Every structure is written in C-alpha cells, then in structure tokens.
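Protein sequence lines, in the order shown, are assigned to chains A and B. Taken in order, the first sequence gives residues 228 to 335; the numbers are from the working numbering. Taken in order, the second sequence gives residues 228 to 335; the numbers are from the working numbering. Cβ coordinates follow ideal geometry from the N, Cα and C atoms, glycine included. These numbers were taken from a predicted model, which means no experiment stands behind them. Just below is one structure, and these are the notes that go with it.
Protein chains: 2
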Amino acid sequence: MIIDLVGASRLDDIEHIEKALRRCVEVSKATLLHIHLHHFTPNGGVSGVAVLSESHISIHSWPEADYAALDVFMCGEAEPHNAIEVLREAFSPSDIRVGEHLRGQDMV
Amino acid sequence: MIIDLVGASRLDDIEHIEKALRRCVEVSKATLLHIHLHHFTPNGGVSGVAVLSESHISIHSWPEADYAALDVFMCGEAEPHNAIEVLREAFSPSDIRVGEHLRGQDMV
Numbered sequence: 228m229i230i231d232l233v234g235a236s237r238l239d240d241i242e243h244i245e246k247a248l249r250r251c252v253e254v255s256k257a258t259l260l261h262i263h264l265h266h267f268t269p270n271g272g273v274s275g276v277a278v279l280s281e282s283h284i285s286i287h288s289w290p291e292a293d294y295a296a297l298d299v300f301m302c303g304e305a306e307p308h309n310a311i312e313v314l315r316e317a318f319s320p321s322d323i324r325v326g327e328h329l330r331g332q333d334m335v
Numbered sequence: 228m229i230i231d232l233v234g235a236s237r238l239d240d241i242e243h244i245e246k247a248l249r250r251c252v253e254v255s256k257a258t259l260l261h262i263h264l265h266h267f268t269p270n271g272g273v274s275g276v277a278v279l280s281e282s283h284i285s286i287h288s289w290p291e292a293d294y295a296a297l298d299v300f301m302c303g304e305a306e307p308h309n310a311i312e313v314l315r316e317a318f319s320p321s322d323i324r325v326g327e328h329l330r331g332q333d334m335v
C-alpha cells in the first residue's frame, strides 16, 4: 500500500511517529525485526523504516507541507489495511490517499 | 521506482546484496544515513533497507523463486534511474520490471 497523508499534523514529532509505526506493525499482525528513524533537523522532517518479517513500513514526512509519504509493504498473512486507521488517528490528516500495488503474485 | 527482478541470482548472499545497495546509493548520488539487512535463514531471503537523506531503498528477496522486490524512493536532485544498471550487473536477472510512482508533486 502506498499511502499519502495530506494536511497532517505531528509530522515533526519523531517519538510520536515511532509509536505510530510500532502500532501499525501491531495492528497489521506483522513481526518487527528492526526500526530506525532519522530526524533531519529538530523540527524538520522524519524518515523512518520498520523492517518486518513480512517486508517493511516506511515513512518520509515534510512537516512544512503537512505531508507524509508512507509505504506499507507486506506479504503472507499480514493485514496491512489495519494500519490506515492508526495513521488517521495518529496524524489527523485532512485526506489520506491509499494506493495498492500488488507484486510478485506469480513469483512467490 | 518499483523494481522487480525476475530470474535473478545471488539473492541469498547478504554481503553481496549490501554491497549492491551501497553501490545503488552511490550511483544515484544519494546520501546514506543508515543501512540494515536481515537474513531470514542462512540460505534464505534477505530484507534490507537503506535510509537516505533523499528517502530510501528497500529490497526483499525470495531466492527460492529467483525473485526480488525493490523500491528506490528518492526526492530532490538524486538520480534513481542509475540504480537499474547496478541491479542488472549485481543480480543478472532474466527480466527487470520497472514501474514509476510519482508522489507528493503538489505537496513538497
């Protein structure tokens, strides 16, 4: 899932973002292997990735534009759609754009 | 860019994959902030992410299917297309499927 948050808040709050990512992993019934977030400047954007047994979740935020770009990439029995509600609650976006890109169906 | 490698080799070689990711960052003129790779079993698939100043590169490989799914997500002045040739040389795929998904154009 390719998720764009528009008109969103708290996109410069790295602790809040980490909590939201961890909650996304949890509600998606995925398994967290590694998480790393980077804060570009104290009040600037955040880039973060959670590596999962089922692939990954990533976020890149531009708080100055109230915009964040997330990928929720999962395989197997995970339930990535459950993450959408977590993101809505965490960042109060005025709009969430969700795209789906299926891949590897004929491969794995 | 959403890149699928089909009929690819060395997808269970974590050191080779890390080297290829680092080379992708380099040729794309991006800046590496953090890299993490996970090997699921000694000869199994690898999941890896490189967090960049310009966003991220991720890989998930299924060596048993000779298949890998990569994302090369970059903003700014980076040149993500340069990574394709690196992947071709590193993993000798019989086919590379490259999709492009532009996002945030009206936002940032």
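Item, Value
"With a threshold of 8 Å between beta-carbons, can Ala296/A be considered close to chain B, or not?", "yes"
"Considering only residues of the same chain and omitting the five flanking positions on each side of Asp239/B, which have a CB-CB separation below 6 Å?", "Asn270 and Pro290"
"Can the beta-carbon of Ala257/B be found less than 8 Å from the beta-carbon of Ser274/B?", "no"
"Just confirm the distance between the C-beta atoms of Ala295/B and His287/B, as a whole number of angstroms; I'd bet it's less than 8 Å.", "7 Å"
"For Val233/A, name the three-state secondary structure that DSSP assigns.", "strand"
"8 Å is my cut-off, CB to CB: does Ile229/B come that close to chain A?", "yes"
"Taking 8 Å as the threshold (beta carbon to beta carbon), is His263/B in contact with chain A?", "yes"
"Taking buried to mean at least 16 other C-beta atoms within 10 Å of its own C-beta, is Leu314/B buried or exposed?", "buried"
"Could you spell out the range, first to last residue, of the beta strand (DSSP E) harbouring Leu297/A?", "Tyr294 to Met301"
"The beta strand (DSSP E) that contains His287/A, what's its start and end?", "Ser282 to Trp289"
"Please name the residue or residues paired with His263/B in a DSSP beta bridge.", "Val276/B"
"Among Val233/B, Leu248/B and Ile229/B, which has the Cα closest to the Cα of Leu260/B?", "Leu248/B"
"Going by C-alpha distance, which of Gly234/A, Val233/A and Cys302/A is nearest Val335/A?", "Cys302/A"
"Any Cβ of chain B within less than 8 Å of the Cβ of Val335/A?", "yes"
"Can you have a look at Ser255/B and say buried or exposed, based on whether 16 or more other CB atoms are within 10 angstroms of its CB?", "buried"
"By Cβ distance, which residues of its chain are closer than 7 Å to Pro320/A, with the 5 residues on each side in sequence left out?", "Leu232, Val233, Gly234 and Ala235"
"Take Ile262/A as the anchor and find which of Val278/A, Thr268/A, Glu253/A and Arg250/A has the nearest alpha-carbon.", "Val278/A"
"State yes or no: is the beta carbon of Ala292/B nearer than 8 Å to at least one beta carbon in chain A?", "yes"
"Would you say Leu260/B faces chain A, with C-beta separation under 8 Å as the test?", "yes"
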